[in-house]
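Okay, so here's the structure we're looking at.
Residue numbers (this note's numbering): -5 to 62.
Below, the structure is given as structure tokens:
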């Protein structure tokens, strides 16, 4: 996704009503919008799966080089 850092894109999402209701309740508890909650959950899942890293985290290559 080079060149898209910091940019947001609109994406229509079809989601089951029960799931959206649960997300909205969770978002309300966290003082977020449902959209922000969905993005938070997706980013967290991507980070946990090793698909993205947090800003400022070293890449795995940097970690390996650091200990060589």
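Idealized CB from N, CA, C, for every residue including glycine.
Can you give the beta carbon distance from residue i to residue j, rounded, assuming they're within the 8 Å contact cut?
i          : j          : result
residue 40 : residue 28 : Between residue 28 and residue 40 the Cβ distance is about 19 Å, and since that is not below 8 Å, they are no contact.
residue 30 : residue 21 : 7 Å
If you draw a straight line from the alpha carbon of residue i to that of residue j, how long is it in whole angstroms?
i          : j          : result
residue 46 : residue 16 : 26 Å
residue 34 : residue 24 : 11 Å
residue 32 : residue 44 : 18 Å
residue 50 : residue 38 : 15 Å
residue 0  : residue 48 : 13 Å
If you reduce the DSSP assignment to three classes, tell me which class residue i lands in.
i          : result
residue 33 : helix
residue 13 : helix
residue 40 : helix
residue 28 : helix
residue 19 : helix
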